[in-house]
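Here's the structure, in structure tokens; my notes come after.
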Amino acid sequence: MRSALTALATLAAAALLSAQFGTQALAQSAVPVRIGVIPVIGAAPVFVADREGGLKQAGLTPAFTTFESGPNMIQALASGTIDVYVAGIAPLAVARSKGIDVRVVAATAIEEMVFVAGPKLAPYFAAAPDKAEALRQFKAKENRPARLATQPPGSVPNTTLQHWLWQAAKADKADVQVVAMGIDATQQALLAGAVDGASIREPALTIVQERNPAIKLIATGAEMFPDQPGTVVAVSGAFADKNPAAVQGLVDALVKATQTLKTDPDRAAPAVEQALGKGITDVATIRRAITSPAAKFTADPRVIVEATKAMQDYQVSIGTLDKAVPVDGLFVPSYYEKAAQPAR
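Positions -27 to -1, 1 to 317 (mature numbering (1 follows the signal peptide of the UniProt record, and there is no 0)) are the ones given, in order, by the sequence shown.
As structure tokens, this is what we get:
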């Protein structure tokens, strides 16, 4: 009996020691990762992955930095001050054309950008036979072009707005003044009436329409740019080469978080609100934004490859990209493919 008790005690001690060493090993192997992110619903998967412990379980210790646009974040990526980029695809093509080694390992959302008109401009769209005529009539009556806010040239918002204006709506450039500003400034300018319309995404779409129902949705993401590639997760080449297991863990966590957003928005909303709310909105608003028609979540980077090629071609045509970049070097889908494999 005594020998049996002694054996059990030895096993218990060994198990405790093993757990302690396992915890120490996990702490020692934790990989610091600096994540740059734009505060939009399209970035929600990384917020959910963080708040629900997915990044920690993957052995990552994240530090987040918020940016106002993708082009601004590229500078941080190029200087080595961030390891992971969570923003629009368009600036990454520009970065690779300039020799910056960055690799898209996951998508997060598609068709995010929509166009809304403020209270003064919206009635013209309701009355006119087409979008170009609405803008023409606005200029004729107001004696000035419509001021439309978006993010800087080279960004996805700017690119999709120009594509919608000139290719889809066939607007006259004399009828429009495109004004580049940050995300927060765009929302504030729209609510204040300082601009007449804007290309925005969630949660700004839900927030501005809640605060002023006279702000109307004029064009969806699909109308602005079919299969519009939205927010993606990209890693610097240096980080990926040094930490392949960490990148796989990141993508694994993103795949799980994306599923949560799609199937259980009530569970996901508090995590997203903590990251985006900043005291200016609440969980209920964020939940509405998560389930909005402008929130289409997907972690599969393969679904946006062809649309990214089309977007690059359009950027070349408007002069924000020197030449199209081969997407074989830009997209690395193997991490997603492994993460999406059924558990065995």
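Beta carbons are placed, not taken as given, at the ideal position from N, Cα and C, and that holds for glycine.
Taking its Cβ as the centre, do 16 or more other Cβ atoms sit within 10 Å of residue i, making it buried, or is it exposed?
{"i": "Gly26", "result": "exposed"}
{"i": "Gln(-4)", "result": "Its pLDDT being 37, under 50, Gln(-4) is placed unreliably by the model, and nothing is read from it."}
{"i": "Ala313", "result": "exposed"}
{"i": "Arg275", "result": "exposed"}
{"i": "Gln(-8)", "result": "Note on Gln(-8): pLDDT 42, under 50, position unreliable in the model; the coordinate value appears next. Exposed is the call here."}
{"i": "Pro217", "result": "exposed"}
{"i": "Ala268", "result": "buried"}
{"i": "Leu(-11)", "result": "Interpretation of Leu(-11) is limited by its pLDDT of 37, a score under 50 that renders its predicted location unreliable; the figure taken from the coordinates is listed afterwards. Leu(-11) should be labelled exposed."}
{"i": "Arg117", "result": "exposed"}
{"i": "Pro12", "result": "buried"}
{"i": "Tyr309", "result": "buried"}
{"i": "Asp286", "result": "exposed"}
{"i": "Pro299", "result": "exposed"}
Give the single residue among the options whose Cα lies nearest to the Cα of residue i.
{"i": "Val228", "options": "Val10, Pro315, Ala113", "result": "Pro315"}
{"i": "Gly91", "options": "Ala213, Glu85, Leu108, Ala82", "result": "Leu108"}
{"i": "Gln201", "options": "Ala230, Arg76, Gly53, Trp137", "result": "Trp137"}
{"i": "Leu190", "options": "Gly292, Leu178, Leu223", "result": "Leu178"}
{"i": "Thr258", "options": "Ala272, Ala248, Ala242, Ala268", "result": "Ala242"}
{"i": "Asp237", "options": "Phe270, Gly170, Ala144, Lys104", "result": "Phe270"}
{"i": "Arg184", "options": "Thr254, Ile263, Ala122", "result": "Thr254"}
{"i": "Lys235", "options": "Thr81, Ala63, Met284, Arg24", "result": "Thr81"}
{"i": "Ile180", "options": "Gly155, Ala262, Ala122, Met86", "result": "Ala262"}
{"i": "Val6", "options": "Asn45, Val59, Ile173, Ile14", "result": "Val59"}
{"i": "Ala187", "options": "Ala153, Phe20, Met197, Leu163", "result": "Leu163"}
State the beta-bridge partners of residue i as determined by DSSP.
{"i": "Arg76", "result": "Val208"}
{"i": "Leu121", "result": "Val151, Gly170"}
{"i": "Phe270", "result": "Ala82"}
{"i": "Lys89", "result": "The amino acid at residue 89 is misidentified as Lys; the sequence shows Val. Val89 pairs with Ala171, Leu190."}
{"i": "Pro202", "result": "Ile83"}
By the DSSP assignment, the alpha helix (DSSP H) with residue i in it spans what residues?
{"i": "Ala218", "result": "217 to 236"}
{"i": "Pro44", "result": "43 to 52"}
{"i": "Gln150", "result": "Note, Gln150: premise wrong, no alpha helix (DSSP H); beta strand (DSSP E) at 149 to 153."}
{"i": "Phe198", "result": "Here Phe198 belongs to no alpha helix (DSSP H), and DSSP marks it neither H nor E."}
{"i": "Lys114", "result": "104 to 115"}
{"i": "Val129", "result": "129 to 135"}
{"i": "Val256", "result": "256 to 263"}
{"i": "Pro96", "result": "95 to 100"}
{"i": "Gln161", "result": "156 to 165"}
Assuming residue i is part of the beta strand (DSSP E), what are its boundary residues?
{"i": "Ala60", "result": "57 to 61"}
For residue i, is the beta carbon positioned less than 7 angstroms from some heavy atom of the ligand SAM?
{"i": "Val67", "result": "Looking at this structure, you won't find the ligand SAM or any other ligand, since it has none at all."}
Check your understanding: Taking the runs of the alpha helix (DSSP H) that are 4 residues or longer, which of them lie wholly in the segment 1 to 47?
Key -> 17 to 24, 27 to 30
Practice item. Just list the alpha helix (DSSP H) runs in the segment 278 to 317, keeping only unbroken ones of 4 residues or longer that don't cross its boundaries, in chain order. Key: 278 to 291, 300 to 303, 307 to 312
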